[in-house]
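FYI, the numbering used here numbers position 279 of the sequence shown as 275, with every residue one higher than the one before it.
We put the CB at the ideal spot given by N, CA and C, even for glycine.
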Amino acid sequence: MFTGILINKDESGYRASCEQIDEALLPEGEVTVRIDWSSLNYKDGLAITGQGPVVRRFPMVPGIDFAGTVSDSRDPAWQVGDKVVLNGWGVGEAHWGGLAQQARVRGEWLVPLPAAFSARQAMAIGTAGYTAMLCVQALERHGIVPDSGDILVTGANGGVGSVAIALLAKLGYTVVASTGRSSEAAYLKTLGASAIIDRNELSAPSKPLGKERWAGAVDTVGSHTLANVCAGIRYRGAVAACGLAQGMDFPASVAPFILRGVTLYGIDSVMAPQLVRREAWEHLGRDLDPAKLEAITHEIGLSEAIATAGQLMQGRVRGRVVVDVNR
Ligand code: NDP
């Protein structure tokens, strides 16, 4: 038996609980992992609270990421004792996930724990931080350099936003943070933000083109915010869009794209190929300041994950939540 969060949906409703689970119920997969740390991402919040249609099979162990140690392997690429990390691939959605003491997964979904990080640090970064890195890499590949101008980060206090600010500041960019929580301005400045704007400036319908303000942007919010971000990007700048915290809609015009040559990059972490993942983790190892990572990290035990998921959905969690699955 092992301890894990289990989500059920039946006649009595949708519910998540912390339970003892029989090992014999672990799903198919070549590699069994003893999990040390997991984390809470926005998608885990949706899954645990049932506020979004994330879970595609019941019962489901949520948790879209984990770090742990291989305890059994039928995949020659992985040996007992190997330290591994998993992000995405539908784990915690269609395949039992990381908010538990054990997981069984396909070998090709795993990456080695990066040498730069402990298992706890890897999950403090988690899927949110690895996605922030994918966004920053998209802007870098576009040719945006620190001298190009300011970079906007929306949803600044969230997991993706916090890591994106820390990374961009370390790389020498001037970062503008958009947030609904101005009370957290000091925290955002500690991470490296140079200026803070109120997210209300961007969240309502507005003109197809605005003043050219930012060379690039990382958007975690979607909806009108993404439309206004695109409308405020400078000539030939770019936006890396990864999130939908405001909404999944995109009520925009083509004006920024056809009149200013703005590029919109879609960022998906879930099905990203192995090479892309490994490059992102290596880049994180080089450019994420461990002290800043610790400053954005809040640790909880597995038994607190359900309550914390509710707080995450209410926008009351700052930075990243790392979960010790063994307490
Ligand atoms: P968090 O919950 O940690 O952060 C989201 C932040 O968005 C909040 O802290 C808040 O920031 C802001 N926000 C919340 N509600 C609204 C709103 N109604 N309008 C505007 N801003 C709002 O989530 P994550 O950082 O983990 O994830 C952010 C987004 O990125 C999510 O939509 C998630 O699904 C997506 N994501 C996508 C991935 C991909 O592969 N494409 C991978 C990982 C995440 P503040 O208080 O500063 O305003």
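(1) So what's N322 in DSSP terms, helix, strand or just coil?
(2) Using DSSP bridges, identify the partner residues of N83.
(3) Quick one: give me the first and last residue of the beta strand (DSSP E) that S34 is part of.
(4) Which of the three DSSP states is assigned to L222 in this structure?
(5) Give every residue of the same chain whose Cβ lies closer than 6 Å to the Cβ of Q47, excluding the five residues on either side of it in the sequence, and list them in chain order.
(6) Keeping to the same chain, check which residues put their C-beta closer than 7 Å to that of A200; ignore five residues upstream and five downstream.
(7) When you compare the CB of V266 with every CB in chain C, is at least one pair closer than 7 Å?
(8) Starting from S158, follow the beta strand (DSSP E) in both directions and report where the run begins and ends.
(9) If you follow the beta strand (DSSP E) that R11 is in, where does it begin and where does it stop?
(10) Which one of R11, A236, H138 has the shortest CA to CA distance from G157?
(11) Ordered along the chain, which non-local residues of its own chain (more than five positions away) have a Cβ less than 6 Å from that of V81?
(12) Counting pairs of beta carbons, one from the stretch 250 to 268 and one from the stretch 279 to 295, are three or more of them closer than 8 Å?
(13) Could you pull the start and end residues of the alpha helix (DSSP H) that H138 belongs to?
(14) Run the CB neighbour count on G328, radius 10 Å, all protein chains shown included, and call it buried at 16 or more, exposed below.
(15) Verify the contact flag: T28, CB atom, against every heavy atom of the ligand NDP, threshold strictly below 6 Å.
(16) In whole angstroms, what separates the C-alpha of V141 from that of A115?
(17) Do you know offhand how far G84's Cα is from G311's?
(18) Go ahead and pull the three-state DSSP assignment for I268.
(19) Which of the three DSSP states, helix, strand or coil, is assigned to G41?
(20) Report, in whole angstroms, the separation of the C-beta atoms of A165 and G139, which I expect to be a contact under 8 Å.
(21) Do you know offhand how far E89's Cα is from P55's?
(22) Considering just the uninterrupted stretch of the alpha helix (DSSP H) at G306, what are its terminal residues?
By the coordinates alone:
(1) In the structure shown, N322 adopts coil according to DSSP, grouped into three states.
(2) According to DSSP, which records beta bridges pairwise, N83 is partnered with D61.
(3) For S34, the enclosing beta strand (DSSP E) begins and ends at 27 to 36.
(4) The answer is helix: DSSP assigns L222 an H, G or I state.
(5) Closer than 6 Å at Cβ, skipping near neighbours: M309.
(6) Excluding sequence neighbours, A200 sits near H220.
(7) Protein chains in the displayed structure number just one, and chain C is not present.
(8) Looking at the DSSP string, S158 is not in any beta strand (DSSP E); the run it does join, the alpha helix (DSSP H), is 155 to 166.
(9) Boundaries of the beta strand (DSSP E) around R11: 9 to 17.
(10) Of R11, A236, H138, the smallest CA-CA separation from G157 is found for A236.
(11) Correct list, in chain order: A63, V107, L109, A118.
(12) Counting C-beta pairs closer than 8 Å gives fewer than three between the stretch 250 to 268 and the stretch 279 to 295, which falls short of the contact rule.
(13) In this chain, the alpha helix (DSSP H) harbouring H138 covers 115 to 138.
(14) Residue 328 is absent from the structure shown; the chain starts at -3 and stops at 323.
(15) T28 Cβ: outside cutoff for every heavy atom of the ligand NDP.
(16) Using only the alpha carbons, I get a separation of about 31 Å.
(17) When the Cα atoms are used, G84 and G311 turn out to be separated by approximately 22 Å.
(18) For the sequence presented, residue 268 should be read as Ala rather than Ile. The answer is coil: DSSP assigns A268 none of H, G, I, E or B.
(19) Three-state DSSP puts G41 in a helix.
(20) The pair is not a contact, with the Cβ atoms about 20 Å apart (cut-off 8 Å).
(21) One Cα belongs to E89, the other to P55, and the distance between them is close to 10 Å.
(22) Going by DSSP, G306 is part of the alpha helix (DSSP H) stretching over 301 to 309.
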